[in-house]
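As given, the protein sequences belong to chains V and L, one line each in that order. All residue numbers for the first sequence refer to UniProt numbering, where the first residue is 1 and numbers rise by one. All residue numbers for the second sequence refer to UniProt numbering, where the first residue is 1 and numbers rise by one.
Number of protein chains: 2
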Amino acid sequence: MDAGALRRRNLSAVLELVHRHGGVTRADLTRALGLNRSTIGDLVAVLVEHGWVDERDDAPRSGVGRPSPRVAPSDTRVVAAVNPELDVIDVGLVSLGGQIVARRRVALDHVPSVAETVAITAQTVRELAAEAPHVEVRAVGVAVPGLVRRRDGQVRLAPHLGWREEPLAAPLAEALGMPVSASNDAHLGCRAEQTFGAGVGAGTMLYLNGGPSGIGGGLVVDGRPMDGTAGYAGELGHLGLDPAGPLCACGARGCLEALAPRDALVAAVGLEHPDDDALEEALVAAVAAEDADGAARTEVARQLRWLAVALRGAVNFVNPDRIVLGGHLAALWRCADEAQRASLIADALPASAAEVTIEPAALGAQRLLIGAAELAWDELIADPIDALTTPALAEA
Amino acid sequence: MDAGALRRRNLSAVLELVHRHGGVTRADLTRALGLNRSTIGDLVAVLVEHGWVDERDDAPRSGVGRPSPRVAPSDTRVVAAVNPELDVIDVGLVSLGGQIVARRRVALDHVPSVAETVAITAQTVRELAAEAPHVEVRAVGVAVPGLVRRRDGQVRLAPHLGWREEPLAAPLAEALGMPVSASNDAHLGCRAEQTFGAGVGAGTMLYLNGGPSGIGGGLVVDGRPMDGTAGYAGELGHLGLDPAGPLCACGARGCLEALAPRDALVAAVGLEHPDDDALEEALVAAVAAEDADGAARTEVARQLRWLAVALRGAVNFVNPDRIVLGGHLAALWRCADEAQRASLIADALPASAAEVTIEPAALGAQRLLIGAAELAWDELIADPIDALTTPALAEA
DNA sequence: GTGATACGTTGTGTCAACCAACAAATACGT
DNA sequence: ACGTATTTGTTGGTTGACACAACGTATCAC
Chain V
1 MDAGALRRRN LSAVLELVHR HGGVTRADLT RALGLNRSTI GDLVAVLVEH GWVDERDDAP
61 RSGVGRPSPR VAPSDTRVVA AVNPELDVID VGLVSLGGQI VARRRVALDH VPSVAETVAI
121 TAQTVRELAA EAPHVEVRAV GVAVPGLVRR RDGQVRLAPH LGWREEPLAA PLAEALGMPV
181 SASNDAHLGC RAEQTFGAGV GAGTMLYLNG GPSGIGGGLV VDGRPMDGTA GYAGELGHLG
241 LDPAGPLCAC GARGCLEALA PRDALVAAVG LEHPDDDALE EALVAAVAAE DADGAARTEV
301 ARQLRWLAVA LRGAVNFVNP DRIVLGGHLA ALWRCADEAQ RASLIADALP ASAAEVTIEP
361 AALGAQRLLI GAAELAWDEL IADPIDALTT PALAEA
Chain L
1 MDAGALRRRN LSAVLELVHR HGGVTRADLT RALGLNRSTI GDLVAVLVEH GWVDERDDAP
61 RSGVGRPSPR VAPSDTRVVA AVNPELDVID VGLVSLGGQI VARRRVALDH VPSVAETVAI
121 TAQTVRELAA EAPHVEVRAV GVAVPGLVRR RDGQVRLAPH LGWREEPLAA PLAEALGMPV
181 SASNDAHLGC RAEQTFGAGV GAGTMLYLNG GPSGIGGGLV VDGRPMDGTA GYAGELGHLG
241 LDPAGPLCAC GARGCLEALA PRDALVAAVG LEHPDDDALE EALVAAVAAE DADGAARTEV
301 ARQLRWLAVA LRGAVNFVNP DRIVLGGHLA ALWRCADEAQ RASLIADALP ASAAEVTIEP
361 AALGAQRLLI GAAELAWDEL IADPIDALTT PALAEA
């Protein structure tokens, strides 16, 4: 590692702190990085000069001494975040600091092909960029409901969308002329929760998300999101829990995903296509209702038991300090009583169980766009100066 | 990160390459680190001056041009590695490069207490150091058959030895006057295989080891061994695979460890207290024998089926590129036929299964000492110069 | 031997971070 | 209101680590 790499690293560290906290004082940076005041001043000056951050005088006063200016993310530098779904393509612009500054959900009357997705996304990103003055879009992140090969952004299999072995990142990068990364949606939900949601501060974190198409998740190890060899890590829905269980879509038997499906909860509360909030509300109400033996309560208890088996294995395996539950698994958590909540990790090894806290996900409907944006921000933050020399989508 | 940290980092990188490869040429270092020839010369000179490495002229000639000297680990710098077992305390001195340069197995007629272990270990380390001239012992690593809290080396639970909530690293550090680290034995087996055994070159690696006291393991993520929050990660023996399965020692039902116990294999081949090699030999012979329906063959097939369920879940979860099997799980692998081997990950998601290779462990009876030594080397390699200023156990 | 090649060595240059002294802005006590 | 203590930003000079270029040296191929 040479001196230039050192510089890059320190600039990157400053930028990451600004990103994660949405603005910190120079004094904070000095303490956090252990560098000299003058060095921090220099680093911040470089970032200001290149337009990544602004210095403002609105830092909260915190005692005697000369006040330290707040280093805040510039709102002109954004990345685009994309989440193609069954009947909508969700596109947003996300600033440094993780704020969604513009968003458009393009409704569709059919399931989009990859080519359509690329075209619509490119068009929408250009429109959003044109509408927001002075904004520069510098990278794109895509959250795909399926398996995505991380290194080249190839969609291996997205059963929900009917995509199979389709290149996605490459054509979109071609269309927009900027770097595009893609990953699994549950993965990116994990990243979003880790950075800005229920996983802030966690070292080793397990994220499980339950959606209509199955159960996915992600793993954070020592503060770093884990991808696995090719980007497929985190498929917690396919832990085998019961050899006598129902057949899963993956072909195996007794997967968590087959034992605790969202559909069954939806059916138990008698709704049609509810979103996660509606499902959660209906479930909590149904479980709280006095008629104790309703279908909802039974199904919730059954799913919680299987979730407990999965969590037992996962907690023993990775010894996390936090577990974050999203989607219908968060709904299960919300309507579980104290005993049920405790039972989720009661059978894990006591030493590991003792250090875990379980939390429902915090970011709601913004989660996937924020996570996709994190993916895009990654490389920019890792090398802010080099990233600056690459061309951006022209501003308005 | 300041300039001094840069120096430390580069020194550390050189030392680590020398350690992992047991000696490399300066030209190799130049290529691997991307630093200038003169810088590499400088870094190596510092390490030579401090006695960490030697420069020798025995590098294999590899073409025209001036030959590059080989930078080899000095054999005077060692760490002590310790592995307390039921009836023996195994102590070794391990050099940079992972060579065991001295070893003594202290036999006992009873299960040692922690105090005895500390006393015997300290005594044995001193004796070994005194017998090997010019050797300096600079740190100690302990492989404990149980759960160990990594940050302070406290043994939380070692059922085999009857230890529970016993401080181990602290009293041993006190007795020997040098840093002591302790961790779980399967964990350290994983590290050993990763660095010098069947896991060399793996990015994300899963290690499962079957022993008389159960099934443990370890996980390597992006080349870094994963500890989990407190050091308990890797307890793969306690994945819940069958809610109708036998009760496990951990209190839960259907753990891998309860479904694929070593005892059952030992009983099937009719041996008494065989070591891993003897068990493997007997199993291979029994399975290869013509009487197809023997107890051994049946039990092997049964255990392989459960191992497959566990591996399916683990592969889907972490998307490894290598799986290493040790202990009786390696014996299972060795006597499995092609179809059985393929079946181990046949039910995993195809994308993940495609990139994984399964290997039996390679290091045999040296594994735990080498792994424990890796633990000790960690801090020394991370900061070679600073480590140099700390006092060493006096030489002969 | 002779040329080509690869590598180590040496002295000089560059760049990032540090340091010390000073200036600025705030809180607090009188 | 004023002075003092405290904290932080700013500035110019210093230190240290690595890069670079020119040169010396050891081997291989012919």
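Think of the CB as a built atom: it goes at the ideal place given N, C-alpha and C, for glycine as much as any other residue. Bear in mind that the values here come from a model prediction, so they are computed numbers and not experimental data.
Range covered by the alpha helix (DSSP H) that runs through residue i
i                      : result
residue 397 of chain L : There is no way to answer for residue 397 of chain L, as the model of chain L reaches only from 1 to 396.
V:V315                 : A295 to V318
V:P73                  : From DSSP, V:P73 is part of no alpha helix (DSSP H) but of the beta strand (DSSP E) over R70 to P73.
L:G214                 : Element bounds for L:G214: not the alpha helix (DSSP H) but the beta strand (DSSP E), G214 to V221.
L:R151                 : Unbroken run through L:R151: none, as it is neither H nor E.
V:P67                  : Neither: V:P67 is in no alpha helix (DSSP H) and is coded neither H nor E.
L:Q340                 : E338 to S343
L:P243                 : Taken as a continuous stretch (DSSP letters only), L:P243 belongs to no alpha helix (DSSP H), as it is neither H nor E.
L:P350                 : P350 to A353
L:D276                 : D276 to A288
DSSP three-state assignment for residue i, whether helix, strand or coil
i                      : result
V:P171                 : helix
L:N83                  : strand
L:P384                 : helix
V:C250                 : coil
V:S62                  : coil
residue 398 of chain L : Chain L is shown from 1 up to 396; residue 398 of chain L falls before or after that span and cannot be answered.
V:L157                 : strand
L:V111                 : coil
L:V180                 : strand
L:E166                 : strand
V:V200                 : coil
L:C255                 : strand
V:A5                   : helix
Where the beta strand (DSSP E) containing residue i begins and where it ends
i      : result
V:L206 : M205 to G211
L:D90  : V88 to S95
L:G327 : R322 to G327
V:E136 : E136 to V144
L:P225 : R224 to M226
L:V269 : Here L:V269 belongs to no beta strand (DSSP E); instead the alpha helix (DSSP H) covers R262 to V269.
V:A192 : Counting along the chain, V:A192 falls outside any beta strand (DSSP E), though it belongs to the alpha helix (DSSP H) covering D185 to F196.
L:A106 : The question names Ala, but residue 106 of chain L is Val in the sequence shown. Note, L:V106: beta strand (DSSP E), I100 to A107.
Residue i burial status per 10 Å Cβ neighbour count (16 or more: buried)
i                      : result
V:Q366                 : buried
L:R150                 : buried
V:P246                 : exposed
L:A198                 : buried
L:G201                 : exposed
V:S62                  : exposed
V:T298                 : exposed
L:D227                 : buried
V:E257                 : buried
L:R262                 : buried
V:N36                  : exposed
residue 399 of chain V : Shown here, chain V extends from 1 to 396; a query on residue 399 of chain V therefore has no answer.
L:A195                 : Inspection of the sequence shows that residue 195 of chain L is occupied by Thr rather than by Ala. Buried.
Residue i: CB within 8 Å of a non-hydrogen atom of the ligand COA
i      : result
V:H187 : This structure simply doesn't include the ligand COA, nor any ligand for that matter.
>> Does the structure place the region 172-184 of chain V close enough to the region 371-379 of chain V that three or more beta carbon pairs sit under 8 Å?
In response: yes
> For the region 331-349 of chain V against the region 62-77 of chain V, are there 3 or more C-beta pairs whose distance is under 8 Å?
Replying inline: no
> In chain order, which continuous runs of the beta strand (DSSP E) of length 3 or greater are located wholly inside the UniProt domain "HTH marR-type" (13-59) of chain V?
Replying inline: 53-56
>> Across the region 204-219 of chain L and the region 305-320 of chain L, are there enough close Cβ pairs to call them in contact, namely three or more that are closer than 8 Å?
In response: yes
>> Tell me whether the region 6-25 of chain V and the region 16-34 of chain L touch, counting them as touching only if at least three CB pairs, one residue from each stretch, are closer than 8 Å.
In response: no
> Is the region 193-210 of chain V touching the region 146-166 of chain V, taking contact as three or more C-beta pairs under 8 Å?
Replying inline: no
> Do the region 68-85 of chain L and the region 51-60 of chain L meet, that is, are 3 or more Cβ pairs less than 8 Å apart?
Replying inline: yes
> Does the region 1-18 of chain V come within contact of the region 161-180 of chain V, defined as at least 3 CB pairs closer than 8 Å?
Replying inline: no
>> Count Cβ pairs between the region 116-130 of chain L and the region 85-94 of chain L that sit closer than 8 Å; are there 3 or more?
In response: yes
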